[in-house]
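To keep things clear, I will list the structure first and then write my remarks on it.
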Amino acid sequence: MSRLKKEICAALDSIYWHKQKRKDADNCFITCSGKTDGAGAQIQAVLSTILFANELGIKYVHTPFENISYPFYSKKIKSNIDDDKSYASKWESFTNLGFNELAVGQIKSNNLDIINVSHPREVKKTKNTLFVITDCHKFADRNPGLYPKLVPQIQYKYAQSSEKPDLYFDPSKINVAIHIRRGEISKKEDPKRYTSNHFVLNIIKRISAVFNNLKKEPVFHIFSQGETKEFLDIHSDRVILHLKECPFVAFHHMVSADVLVMAKSSFSYSAALFSKGTIIYLPFWHKPLPNWIVVNKNGSFDKKNFKNRLEHII
Numbered sequence: 019m020s021r022l023k024k025e026i027c028a029a030l031d032s033i034y035w036h037k038q039k040r041k042d043a044d045n046c047f048i049t050c051s052g053k054t055d056g057a058g059a060q061i062q063a064v065l066s067t068i069l070f071a072n073e074l075g076i077k078y079v080h081t082p083f084e085n086i087s088y089p090f091y092s093k094k095i096k097s098n099i100d101d102d103k104s105y106a107s108k109w110e111s112f113t114n115l116g117f118n119e120l121a122v123g124q125i126k127s128n129n130l131d132i133i134n135v136s137h138p139r140e141v142k143k144t145k146n147t148l149f150v151i152t153d154c155h156k157f158a159d160r161n162p163g164l165y166p167k168l169v170p171q172i173q174y175k176y177a178q179s180s181e182k183p184d185l186y187f188d189p190s191k192i193n194v195a196i197h198i199r200r201g202e203i204s205k206k207e208d209p210k211r212y213t214s215n216h217f218v219l220n221i222i223k224r225i226s227a228v229f230n231n232l233k234k235e236p237v238f239h240i241f242s243q244g245e246t247k248e249f250l251d252i253h254s255d256r257v258i259l260h261l262k263e264c265p266f267v268a269f270h271h272m273v274s275a276d277v278l279v280m281a282k283s284s285f286s287y288s289a290a291l292f293s294k295g296t297i298i299y300l301p302f303w304h305k306p307l308p309n310w311i312v313v314n315k316n317g318s319f320d321k322k323n324f325k326n327r328l329e330h331i332i
């Protein structure tokens with residue numbers, strides 16, 4: 019699809035959604051269901067659907083995670099547990115996205131028309147209707163500026179769950195979490211999502227420069243599915259490798275970090291939406307929130323803006 023055609027479609031969708039927002043419809047619901055990919059992708063899909071529902075005035079009803087790929091990693095036995103049937107329910111409890119939401123099983127479906135849709139533009143506010151969609155990224159990525167209104171709500175959900183691992187961050191330091199996709203992501207197989215060590219080092223150097231002559235110094239925590247040998251040029255006294263970490267531990271540390279440097283990944287994108295820290299965003303197809311700091315193709319970013327966002331902790 020050409021750029022002009024995409025822009026025309028986006029404009030028409032915006033007009034349509036604006037008209038739908040002005041309509042009233044009793045018992046009009048939407049739920050996010052049907053995905054089988056990784057935890058980050060499914061979390062982001064739910065959040066995009068909540069965003070869409072809130073903006074259009076449709077009642078979001080929650081469908082718990084049912085099937086999440088990438089098995090739970092157990093450090094105790096040093097292996098992936100392929101038959102962990104509770105993996106999806108663990109993420110459900112961990113993220114707590116159904117907190118304060120009506121569950122899809124609580125609505126009387128016998129009185130509703132259930133309509134499966136593949137795009138948010140197919141949602142037409144109609145009474146006594148339940149729309150089922152896999153995600154609302156087409157809406158969220160065109161309207162990332164709407165997320166800040168939703169963020170406190172989803173942060174509250176996350177905070178209400180007690181099933182969180184202990185943090186190993188040093189509170190006397192500025193803890194910077196850096197997500198680096200490796201494993202199935204390689205320069206050869208998926209160059210658009212691959213981030214080189216050289217690029218990451220540039221970001222580390224620029225962050226470190228901001229903290230020169232300040233009381234607190236940064237410590238960089240690398241979270242990745244890669245091997246130690248892949249990070250020999252990054253590893254140092256101030257760069258700690260957390261490789262093949264339990265995904266719940268990795269996610270919670272990304273959420274809790276003072277600074278999160280995202281990968282081109284839904285896993286760290288979702289963590290960024292839950293985070294109260296400063297977010298450094300590497301451009302990819304899911305668009306940044308207005309308060310995120312965007313890195314350019316050389317790994318540079320606005321240092322003054324970055325420092326201003328850290329004033330409360332430095």
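In this note's numbering, the protein residues as written are 19 to 332. From the three backbone atoms N, C-alpha and C, an ideal C-beta is built for every residue, glycine too.
Give a yes or no on whether 8 Å exceeds the smallest Cβ distance from residue i to chain B.
| i | result |
| --- | --- |
| S226 | Absent from the structure: chain B. Only one protein chain is present. |
Suppose you measure from the CA of residue i to the CA of residue j; what does that come to, to the nearest Å?
| i | j | result |
| --- | --- | --- |
| R200 | G244 | 5 Å |
| S318 | S254 | 21 Å |
| N118 | N309 | 27 Å |
| H304 | F285 | 12 Å |
| H216 | V141 | 44 Å |
| F324 | I76 | 36 Å |
| Y78 | F70 | 9 Å |
| F112 | H239 | 22 Å |
| R256 | N129 | 60 Å |
| P183 | H270 | 7 Å |
| A59 | V228 | 32 Å |
| R211 | N231 | 35 Å |
| K233 | K191 | 9 Å |
| S127 | T147 | 9 Å |
| G222 | P236 | Sequence inspection shows Ile at residue 222; the Gly mentioned does not correspond to that position. Cα to Cα, I222 sits roughly 9 Å from P236. |
| N45 | V150 | 14 Å |
| V135 | F47 | 13 Å |
| N161 | S180 | 32 Å |
| S32 | K23 | 14 Å |
So, with DSSP's three-state summary, where would you put residue i?
| i | result |
| --- | --- |
| K53 | coil |
| S46 | Here residue 46 is Cys; the residue named in the question, Ser, does not match the sequence. Here C46 sits in strand by DSSP. |
| H216 | helix |
| S288 | helix |
| P236 | strand |
| Q178 | helix |
| S111 | helix |
| S32 | helix |
| S127 | helix |
| S283 | coil |
| S318 | coil |
| S92 | Reliability fails at S92, whose pLDDT of 48 lies under 50, so the model's placement of it is uncertain and the value that follows must be treated cautiously. Three-state DSSP puts S92 in a strand. |
| K167 | helix |
| N326 | helix |
| F249 | helix |
Run through the DSSP bridge pairs and tell me what residue i is partnered with.
| i | result |
| --- | --- |
| L148 | F47, I132 |
| H270 | Partner(s): none; H270 has no beta bridge. |
| F241 | H197, H260 |
| A121 | H80 |
| V313 | Paired residues: none, contrary to the question. |
| Y299 | V312 |
| T192 | Note on residue identity: the sequence assigns Ile, not Thr, to residue 192. According to DSSP, I192 bridges with P236. |
| L278 | A195, I297 |
| S104 | DSSP output for S104 lists no bridge partner at all. |
| S254 | V257 |
Let me check understanding here. Comparing Cα to Cα, which of the options lies closest to residue i?
| i | options | result |
| --- | --- | --- |
| Y165 | K321, D131, A28, A290 | A290 |
| T296 | I125, I196, N128, K156 | I196 |
| M280 | N316, Y299, N134 | Y299 |
| K247 | H239, L261, P183, P236 | L261 |
| A106 | N129, T81, V122, K126 | T81 |
| K156 | T54, K322, L65, P265 | L65 |
| T67 | N45, D153, S274 | D153 |
| L120 | S111, I172, N128, T49 | T49 |
| K41 | I172, K321, K143 | K143 |
| S294 | K321, R327, K315, A268 | Looking at the sequence itself, residue 294 is Lys, so the reference to Ser does not match. Measuring from the Cα of K294, the nearest candidate turns out to be R327. |
| F266 | G56, A29, R21, I125 | G56 |
| K167 | F292, V313, I26 | F292 |
| S51 | F83, V218, S32 | F83 |
| L307 | I258, G116, G163 | G163 |
| T213 | S274, N85, N314 | N314 |
Buried or exposed, going by whether 16 or more other CB atoms sit within 10 Å of the CB of residue i?
| i | result |
| --- | --- |
| Q178 | exposed |
| H263 | Looking at the sequence shown, residue 263 is not His but Glu. Looking at its Cβ environment, which holds 16 or more other Cβ atoms inside 10 Å, E263 is buried. |
| K62 | The question names Lys, but residue 62 in the sequence shown is Gln. The residue in question, Q62, is buried, as its Cβ has 16 or more Cβ neighbours within 10 Å. |
| Y174 | exposed |
| N193 | buried |
| D131 | exposed |
| E73 | buried |
| P189 | exposed |
| T54 | exposed |
| I331 | exposed |
| P138 | buried |
| Y287 | buried |
| A28 | exposed |
| D276 | buried |
| K322 | exposed |
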